[in-house]
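Undergrad: The following block contains the structure, expressed as structure tokens.
6 protein chains.
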Amino acid sequence: MDKIAVFPGSFDPITKGHESVIKRALPLFDKLYIAIGINADKKDFFPIEKRMEWINQVFKDYSTVEVIKYEGLTVDLCKKIKAKYILRGLRTSADFEFERSIGQINKKLFSDIETVFILTAPEHTSLNSSIVRDILKHGGDANQFVPEGIDLSA
Amino acid sequence: MDKIAVFPGSFDPITKGHESVIKRALPLFDKLYIAIGINADKKDFFPIEKRMEWINQVFKDYSTVEVIKYEGLTVDLCKKIKAKYILRGLRTSADFEFERSIGQINKKLFSDIETVFILTAPEHTSLNSSIVRDILKHGGDANQFVPEGIDLSA
Amino acid sequence: MDKIAVFPGSFDPITKGHESVIKRALPLFDKLYIAIGINADKKDFFPIEKRMEWINQVFKDYSTVEVIKYEGLTVDLCKKIKAKYILRGLRTSADFEFERSIGQINKKLFSDIETVFILTAPEHTSLNSSIVRDILKHGGDANQFVPEGIDLSA
Amino acid sequence: MDKIAVFPGSFDPITKGHESVIKRALPLFDKLYIAIGINADKKDFFPIEKRMEWINQVFKDYSTVEVIKYEGLTVDLCKKIKAKYILRGLRTSADFEFERSIGQINKKLFSDIETVFILTAPEHTSLNSSIVRDILKHGGDANQFVPEGIDLSA
Amino acid sequence: MDKIAVFPGSFDPITKGHESVIKRALPLFDKLYIAIGINADKKDFFPIEKRMEWINQVFKDYSTVEVIKYEGLTVDLCKKIKAKYILRGLRTSADFEFERSIGQINKKLFSDIETVFILTAPEHTSLNSSIVRDILKHGGDANQFVPEGIDLSA
Amino acid sequence: MDKIAVFPGSFDPITKGHESVIKRALPLFDKLYIAIGINADKKDFFPIEKRMEWINQVFKDYSTVEVIKYEGLTVDLCKKIKAKYILRGLRTSADFEFERSIGQINKKLFSDIETVFILTAPEHTSLNSSIVRDILKHGGDANQFVPEGIDLSA
Chain A
12 MDKIAVFPGS FDPITKGHES VIKRALPLFD KLYIAIGINA DKKDFFPIEK RMEWINQVFK
72 DYSTVEVIKY EGLTVDLCKK IKAKYILRGL RTSADFEFER SIGQINKKLF SDIETVFILT
132 APEHTSLNSS IVRDILKHGG DANQFVPEGI DLSA
Chain B
12 MDKIAVFPGS FDPITKGHES VIKRALPLFD KLYIAIGINA DKKDFFPIEK RMEWINQVFK
72 DYSTVEVIKY EGLTVDLCKK IKAKYILRGL RTSADFEFER SIGQINKKLF SDIETVFILT
132 APEHTSLNSS IVRDILKHGG DANQFVPEGI DLSA
Chain C
12 MDKIAVFPGS FDPITKGHES VIKRALPLFD KLYIAIGINA DKKDFFPIEK RMEWINQVFK
72 DYSTVEVIKY EGLTVDLCKK IKAKYILRGL RTSADFEFER SIGQINKKLF SDIETVFILT
132 APEHTSLNSS IVRDILKHGG DANQFVPEGI DLSA
Chain D
12 MDKIAVFPGS FDPITKGHES VIKRALPLFD KLYIAIGINA DKKDFFPIEK RMEWINQVFK
72 DYSTVEVIKY EGLTVDLCKK IKAKYILRGL RTSADFEFER SIGQINKKLF SDIETVFILT
132 APEHTSLNSS IVRDILKHGG DANQFVPEGI DLSA
Chain E
12 MDKIAVFPGS FDPITKGHES VIKRALPLFD KLYIAIGINA DKKDFFPIEK RMEWINQVFK
72 DYSTVEVIKY EGLTVDLCKK IKAKYILRGL RTSADFEFER SIGQINKKLF SDIETVFILT
132 APEHTSLNSS IVRDILKHGG DANQFVPEGI DLSA
Chain F
12 MDKIAVFPGS FDPITKGHES VIKRALPLFD KLYIAIGINA DKKDFFPIEK RMEWINQVFK
72 DYSTVEVIKY EGLTVDLCKK IKAKYILRGL RTSADFEFER SIGQINKKLF SDIETVFILT
132 APEHTSLNSS IVRDILKHGG DANQFVPEGI DLSA
């Protein structure tokens, strides 16, 4: 049976941390969906098309990666696309407490799902999309924090 | 002297975690007020009447429990109803850091108050009202996370 | 039915942190046993008789407190003396993670037991018996960290 | 070369915790700027002039302290005023995780900058500006949490 | 290429937590070595033969599992048996901080290795081999904490 | 008045993490003592003379650094050499909880002392002397974790 995984997130924008986690975890799975959740409550910083375009560009040479968007619960997406694994990166113990809670709730909603974690690289520990957006809001240059080839100011 | 306690919260909605903590702590007190704080800054998910009705239903056979709503500081409520104890459940170390801060500030505002904590059951560690609301917002069924007899979709 | 609690520990020696937690929690219980665990694996710093004598001195005016020593599991002691509550103080999130683990295991070994926590006072957050012993080993004066009237150098 | 430091924050309002950290760290630096960040995203509780006035009053006898306001990234301010140090207080491990992230990102944006931390006093561990504002919103008196001479209700 | 993983530990003794993590992670790998580290510094509680026998019994119906013992660094074992993955369970944030450190050091010693984490089940959060040993040392019955069919007192 | 600081530790052996923290913090102080505590309870891995020799070699071009050894409490050393600052690096939140406790106790033993923290570099987050010793005990090569020019196997 194929090992299908979902890496859910808002990727607003994708960071070097996301890129590193996904590339290192890829060999574990036959197919990995990078799934952008559409959240009516949260205001987007970058339009979803731009976010998908950037991710597609980063993984254009990786045939098992597919970028999708979805609404509703992540576990409902997993059921629909027959994914048994959710992939997440872990940076800090605050991350862990948050992810454990989500992971345990997901397991109660869909008992076949398993969340698989790998560590972010040490140099990406402090990095997340929210910090990238903050730098941009304050007029800074955040290109060093996103994958090669992405120009946030373009 | 009677041992009077307050369990403050927004209970939006009450969860199985709340129910378990309150039922296990009840024998410690002569009277326990479940006190719903009215917070003008936060938008309610369920109307306060509905929240009170659900809690009343859960504890209808427990004569020492009373559901109330209040505005203002929790310690001011405690002074008014002569409560010397605030009851809280602890799930995670993030919870603990938050609760310790509130508990120490409450002690400075009213030196006679003591916060009493008990542990949530392991199977409720990942559960809180905010997660229940998130599941509902995403079109999921969250009834397994609230006390028996409550139908969130009703 | 009487509310009987156990505060287990090694109290090697009792600190101002222990004293404060116990005095504030006392009104919750009809009887509180301060129970010194005898641990063959750990080398005592102060002899157990000295430790019991100090605790007796601190609580000599508190009629509901009794100092005892015990071997074996804390839950087995609780069953024997009909205690339904274990009392513990919480200082830090590291404490919390440790105490949660012990508390959940105790609950699996004896389902009637409930661990009740209260906060240590802010000025005692950094204090524990191990630090007191370290100060003494390095030739320092640690009397400010133990209850009034105890002279560790005597 | 002069040792110039920046203590950035919103100081909405300044607390006894801020005051204690700054006074204890002052001897380390030749000049310390208390820098109020102007954040278009966050709604102020107290007007920025009032916040600056209070800080000026607290440090009026400290010749090396200067209160300023700024927009944009903290590291850009540091470059402009030739500050090589950012000063921050640490209260809890949640604080630490947050500050480490900011500190590491600042270092990537400006490799000459070093964040210097000192501990808040134990009695200020639970205190921050957000708690002060919450007390005021709920109609309480928070003057005990701000420096002597500041009257929040004035 | 085969996906080969190592789950290193002392398994003194194996717990229900280990069993659950391994069984849920198994489908990710073509081969999983449960590898008992021989540590000259630590005194064994159960003899290594007994520990291997128990694990063999638990996984006797799982053809991709093999129990081995090893000396030296875990990454050296991985190189020798061509494993690219180390599998570990995560229970608490204290666990996470510890595992992150080991995982990052392992990556520096052998850049091809990736540590893969999955969550322990909520009911196993408080469980580890050390607690099982403590219960036994204090004369308690710990059989409920180890896999079905293992009798620790035998 | 001169700003004198102490960086206490066992440095068994010094790591790249220590080196980085000390070099970045040096400009803050007029004099920095790297002080190796002699602890009768802990067994040394490397002889104290070797440890001092390595540190001297690392800082031979830094005129404000002096390596010393001491017995007794760190605060007693500080009083003797007129140091008002203790310098420490912070890696993780577990570190922080530990250091906060030590720092607050030191302040109670000597009210003039202030502990100053700076962050370890992200790539050193997982590194400490104990891990270096573990690698050596298991027959590995740990030279990449200690300052340039130190050969642990020599």
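Chains as they are written, first to last, in my numbering: chain A, 12 to 165; chain B, 12 to 165; chain C, 12 to 165; chain D, 12 to 165; chain E, 12 to 165; chain F, 12 to 165.
Virtual Cβ for every residue (Gly too), placed ideally from N, Cα, C.
Remember, predicted model here, so these are calculated numbers, not experimental data.
1. Roughly how many angstroms separate the alpha carbons of Asp-123 of chain B and Ser-31 of chain C, rounded to a whole number?
2. Output yes if chain F places a C-beta closer than 8 Å to the C-beta of Arg-102 of chain E; else output no.
3. Using a Cβ-Cβ cut-off of 8 Å, state whether Ile-161 of chain D counts as contacting chain B.
4. If we count the other Cβ atoms within 10 Å of its Cβ and call it buried at 16 or more, is Ser-164 of chain D buried or exposed?
5. Indicate the three-state DSSP secondary structure (helix, strand or coil) for Glu-60 of chain A in the structure shown.
6. Would you say Glu-134 of chain B faces chain E, with C-beta separation under 8 Å as the test?
7. Whose Cβ in chain F lies nearer than 9 Å to the Cβ of Leu-84 of chain E?
8. Decide if Ile-49 of chain E is buried, meaning its Cβ has at least 16 other Cβ atoms within 10 Å, or exposed.
9. Can you check which of these residues, E:Leu-88, E:Pro-158, E:Ile-97, is closest to Phe-128 of chain E by C-alpha distance?
10. Report yes or no: is there a C-beta of chain A within less than 8 Å of the C-beta of Lys-54 of chain E?
11. Under 8 Å Cβ-Cβ, which residues of chain E neighbour Ile-129 of chain A?
12. Give a yes or no on whether the minimum CB-CB distance between Ser-137 of chain D and chain C is below 8 Å.
13. Alpha carbon to alpha carbon, how far is Arg-55 of chain E from Lys-61 of chain E?
14. Between Lys-14 of chain D and chain F, is there a C-beta pair that is closer than 8 Å?
15. Per the contact definition of three or more C-beta pairs closer than 8 Å, is the segment 133 to 143 of chain D in contact with the segment 97 to 108 of chain D?
16. Three or more C-beta pairs under 8 Å: does that hold for the segment 16 to 35 of chain D against the segment 154 to 162 of chain D?
17. Would Gln-115 of chain D pass as an interface residue toward chain F - the criterion being a Cβ-Cβ separation below 8 Å?
18. Run through the DSSP bridge pairs and tell me what Leu-101 of chain B is partnered with.
19. Can a CB atom of chain F be found closer than 8 Å to the CB of Asp-30 of chain D?
20. Going by CA-CA distance only, name the one from E:Leu-120, E:Gly-114, E:Glu-125 that's closest to Phe-40 of chain E.
21. Closest to Tyr-44 of chain D by C-alpha separation, out of D:Lys-90, D:Gly-150, D:Asn-154, would be which residue?
22. What are the residues of the segment 71 to 98 of chain B that lie near chain C, defined by any Cβ-Cβ distance shorter than 9 Å?
23. State the beta-bridge partners of Pro-19 of chain A as determined by DSSP.
24. Taking 6 Å as the limit between beta carbons, can you name the residues of its chain near Glu-77 of chain E, skipping five residues before and five after?
25. Against chain D, does Phe-107 of chain F count as a neighbour if the rule is that its beta carbon must be under 8 Å from one of theirs?
26. Taking Cβ positions, are Leu-120 of chain D and Gly-151 of chain A nearer each other than 8 Å?
27. In terms of DSSP beta bridges, what is Lys-80 of chain F paired with?
28. Mind pulling the chain E residues with CB within less than 8 Å of Arg-111 of chain A?
29. Could you give the DSSP three-state label for Glu-159 of chain A: helix, strand or coil?
30. Does Leu-43 of chain E get closer than 8 Å to chain A when you measure Cβ to Cβ?
31. Measure the C-alpha to C-alpha separation of Lys-14 of chain E and Phe-107 of chain B and round it to an integer number of angstroms.
32. Over what stretch of residues does the alpha helix (DSSP H) that includes Ser-141 of chain E continue unbroken?
33. Could you check whether Ala-94 of chain B and Ala-16 of chain B sit closer than 8 Å to each other, using their CB atoms as the reference points?
34. Check whether the Cβ of Leu-88 of chain B sits closer than 7 Å to any heavy atom of the ligand MG, and report yes or no.
35. Report buried or exposed for Lys-118 of chain B, applying the criterion of at least 16 other Cβ atoms within 10 angstroms of its Cβ.
36. 8 Å is my cut-off, CB to CB: does Leu-39 of chain F come that close to chain D?
TA: A quick look at the data gives this:
1. In the second sequence, residue 123 of chain B corresponds to position 112, counting from 1. In the third sequence, residue 31 of chain C corresponds to position 20, counting from 1. Roughly 14 Å separates the two Cα atoms.
2. Locating residue 102 of chain E in the fifth sequence gives position 91, counting from the first residue. Chain F, which has no Cβ nearer than 8 Å to the Cβ of Arg-102 of chain E, makes this no.
3. Along the fourth sequence, one-based indexing puts residue 161 of chain D at 150. False, the Cβ-Cβ gap to chain B never drops below 8 Å.
4. Taking the first residue of the fourth sequence as 1, we reach residue 164 of chain D at position 153. The residue is exposed, with fewer than 16 neighbouring Cβ atoms inside 10 Å.
5. Along the first sequence, read from residue 1 onward, the residue named residue 60 of chain A stands at position 49. If DSSP states are grouped into helix, strand and coil, Glu-60 of chain A belongs with the helices.
6. Start at 1 with the first residue of the second sequence, and residue 134 of chain B comes out as number 123. Yes, because at least one Cβ of chain E sits closer than 8 Å to the Cβ of Glu-134 of chain B.
7. On the fifth sequence, position 73 is the one that residue 84 of chain E refers to. Residues of chain F passing the Cβ test: Asp-145, Ile-146, His-149, Gly-150, Gly-151.
8. Locating residue 49 of chain E in the fifth sequence gives position 38, where the first residue counts as 1. Exposed is the call here.
9. Against the fifth sequence, residue 128 of chain E aligns to sequence position 117. Comparing Cα positions, the closest option is E:Ile-97.
10. The count along the fifth sequence starts at 1 and reaches residue 54 of chain E at position 43. Judged by the 8 Å Cβ criterion, Lys-54 of chain E is not in contact with chain A.
11. Locating residue 129 of chain A in the first sequence gives position 118, where the first residue counts as 1. Those within 8 Å of Ile-129 of chain A in chain E are Glu-125, Thr-126, Val-127, Phe-128.
12. Reading the fourth sequence from its first residue, position 126 is the one you call residue 137 of chain D. For Ser-137 of chain D, the answer is yes, since a Cβ of chain C falls inside 8 Å of its Cβ.
13. The residue labelled residue 55 of chain E in the question sits at position 44 within the fifth sequence. The residue labelled residue 61 of chain E in the question sits at position 50 within the fifth sequence. Contrary to the premise, residue 55 of chain E reads as Asp rather than Arg in this sequence. Distance between the alpha carbons of Asp-55 of chain E and Lys-61 of chain E is about 11 Å.
14. Reading the fourth sequence from its first residue, position 3 is the one you call residue 14 of chain D. Answer yes: the Cβ-Cβ gap between Lys-14 of chain D and chain F drops below 8 Å somewhere.
15. yes
16. yes
17. Counting from one through the fourth sequence, the residue named residue 115 of chain D turns up at place 104. Yes, Gln-115 of chain D counts as interfacial toward chain F.
18. For the purposes of this step, residue 101 of chain B is taken as the residue at position 90 of the second sequence. Answer by DSSP bridge pairing, in chain order: B:Leu-130.
19. If you number the fourth sequence from 1, residue 30 of chain D lands on position 19. The displayed chain sequence assigns Glu, not Asp, to residue 30 of chain D. Chain F contact via Cβ: absent.
20. Residue numbering aside, residue 40 of chain E sits at position 29 when the fifth sequence is read from its first letter. That would be E:Glu-125, whose Cα lies nearest to the Cα of Phe-40 of chain E.
21. Your numbering for residue 44 of chain D matches position 33 in the fourth sequence. A check of alpha carbon separations from Tyr-44 of chain D across D:Lys-90, D:Gly-150, D:Asn-154 identifies D:Lys-90 as the nearest.
22. For the segment 71 to 98 of chain B, the set of residues with a beta-carbon nearer than 9 Å to any beta-carbon of chain C comprises Lys-95, Tyr-96, in chain order.
23. On the first sequence, residue 19 of chain A is found 8 positions in, with the first residue counted as 1. Answer by DSSP bridge pairing, in chain order: A:Ala-46.
24. Counting from one through the fifth sequence, the residue named residue 77 of chain E turns up at place 66. Hits under 6 Å: Tyr-44.
25. For the purposes of this step, residue 107 of chain F is identified with residue 96 of the sixth sequence, where counting begins at 1. Yes, Phe-107 of chain F counts as interfacial toward chain D.
26. Against the fourth sequence, residue 120 of chain D aligns to sequence position 109. Against the first sequence, residue 151 of chain A aligns to sequence position 140. Closer than 8 Å, so yes.
27. Residue 80 of chain F sits at position 69 when you count from the first residue of the sixth sequence. Beta-bridge pairing links Lys-80 of chain F to F:Ile-47.
28. For the purposes of this step, residue 111 of chain A is taken as residue 100 along the first sequence, with counting starting at 1. Leu-101, Leu-130, listed in chain order.
29. Within the first sequence, residue 159 of chain A is the residue found at index 148, counting from 1. In this structure, Glu-159 of chain A counts as coil in the three-state DSSP scheme.
30. By 1-based counting over the fifth sequence, the position of residue 43 of chain E is 32. Chain A, which has no Cβ nearer than 8 Å to the Cβ of Leu-43 of chain E, makes this no.
31. Taking the fifth sequence and counting its residues from 1, the one referred to as residue 14 of chain E is at position 3. Taking the second sequence and counting its residues from 1, the one referred to as residue 107 of chain B is at position 96. So the two alpha carbons sit approximately 40 Å from each other.
32. The count along the fifth sequence starts at 1 and reaches residue 141 of chain E at position 130. Looking at the DSSP string, the run of the alpha helix (DSSP H) that includes Ser-141 of chain E is 140 to 148.
33. Mapped onto the second sequence, residue 16 of chain B falls at position 5. Mapped onto the second sequence, residue 94 of chain B falls at position 83. Cβ distance < 8 Å, so Ala-16 of chain B and Ala-94 of chain B count as in contact.
34. Annotation note on the ligand MG: not contained in the displayed structure, which lists no ligands.
35. For the purposes of this step, residue 118 of chain B is taken as residue 107 along the second sequence, with counting starting at 1. Lys-118 of chain B should be labelled buried.
36. Numbered from 1 along the sixth sequence, position 28 holds the residue referred to as residue 39 of chain F. By this cut-off, Leu-39 of chain F is an interface position.
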